[in-house]
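**Q**
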Amino acid sequence: MTALANEPVHATAPTATCVLVDVRDCGLPGVRWAADCADALGVGLVVHAGVENDPAHVEVAALLAGHPGLTVHVEHHDRPLARWEGALVVISRDSALAAPPLAGDDCRDVVVVSGTLPRSPAASAS
Numbered sequence: 000m001t002a003l004a005n006e007p008v009h010a011t012a013p014t015a016t017c018v019l020v021d022v023r024d025c026g027l028p029g030v031r032w033a034a035d036c037a038d039a040l041g042v043g044l045v046v047h048a049g050v051e052n053d054p055a056h057v058e059v060a061a062l063l064a065g066h067p068g069l070t071v072h073v074e075h076h077d078r079p080l081a082r083w084e085g086a087l088v089v090i091s092r093d094s095a096l097a098a099p100p101l102a103g104d105d106c107r108d109v110v111v112v113s114g115t116l117p118r119s120p121a122a123s124a125s
């Protein structure tokens with residue numbers, strides 16, 4: 000998922016309500032990056048994960064334990080995804096794997112979407 004934003008992070012951050020990351024797409028490095036972004040923006044983290052017994056959940060849980068103040072919502076792939084109202088920050092896989100969170104206010108891979116989002120926010124941002 001890659002999306003574009005033309006505004007600096009400090010201009011968009013107040014409208015962001017959460018950061019979304021898909022473990023199946025980004026892996027543990029992407030979750031780490033997204034958690035750091037959520038902390039930096041002062042918003043929650045939504046993690047799209049595989050099925051509930053996926054071994055990756057142990058690693059993700061250990062990583063998120065390092066962010067005790069972060070509000071985290073995990074959506075499992077074997078269940079219907081929740082609908083999200085408001086704004087959403089979408090992170091691209093390339094940035095999740097290569098860039099430090101919000102480095103230099105580079106927003107090429109961060110977007111704030113407002114309004115009612117479809118069932119699969121990641122699909123609409125592709």
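Once you know that position 3 of the sequence shown is 2 in numbering that gives the first Met the number 0, the rest is easy, because the numbers rise by one and skip nothing. Where is the CB? At the ideal position from N, CA and C, for every residue including glycine.
#1: Quick one: is L27 buried, meaning 16 or more other Cβ sit within 10 Å of its Cβ, or exposed?
#2: Comparing C-alpha positions only, which one of E51, P54, L63 sits nearest to V30?
#3: Does DSSP classify H66 as helix, strand or coil?
#4: Which residue comes first and which comes last in the beta strand (DSSP E) that contains G43?
#5: Could you have a look at E58 and say whether DSSP puts it in helix, strand or coil?
#6: Report the residue from P67, E74, E51 whose alpha carbon sits nearest the alpha carbon of A34.
#7: In the DSSP assignment, find the alpha helix (DSSP H) that holds D35 and state where it starts and stops.
#8: Sort E74, V73, V18, H75 by Cα distance to C42 and report the nearest one.
#9: Report the option in D21, V50, W32 whose CA atom is closest to the CA atom of G65.
#10: Please report the residue range of the beta strand (DSSP E) in which V51 lies.
#11: Quick check: the Cα distance between E58 and L40, rounded to an integer number of angstroms?
#12: Nearest-angstrom Cα distance between D24 and H47?
#13: Could you check the C-alpha separation between D38 and V20 for me, to the nearest Å?
**A** Reading it off the structure:
#1: The Cβ neighbour count for L27, taken over all protein chains shown within 10 Å, is under 16; the residue is labelled exposed.
#2: L63
#3: coil
#4: Run containing G43: 43-48, per the beta strand (DSSP E) assignment.
#5: helix
#6: P67
#7: Looking at the DSSP string, the run of the alpha helix (DSSP H) that includes D35 is 22-40.
#8: At residue 42 the sequence reads Val, which differs from the Cys that was named. Ranking E74, V73, V18, H75 by Cα distance to V42 puts V18 first.
#9: W32
#10: According to the sequence as given, residue 51 is Glu; it is not Val. From DSSP, E51 is part of no beta strand (DSSP E); its letter is neither H nor E.
#11: C-alpha separation (whole angstroms): 23 Å.
#12: 9 Å
#13: 14 Å
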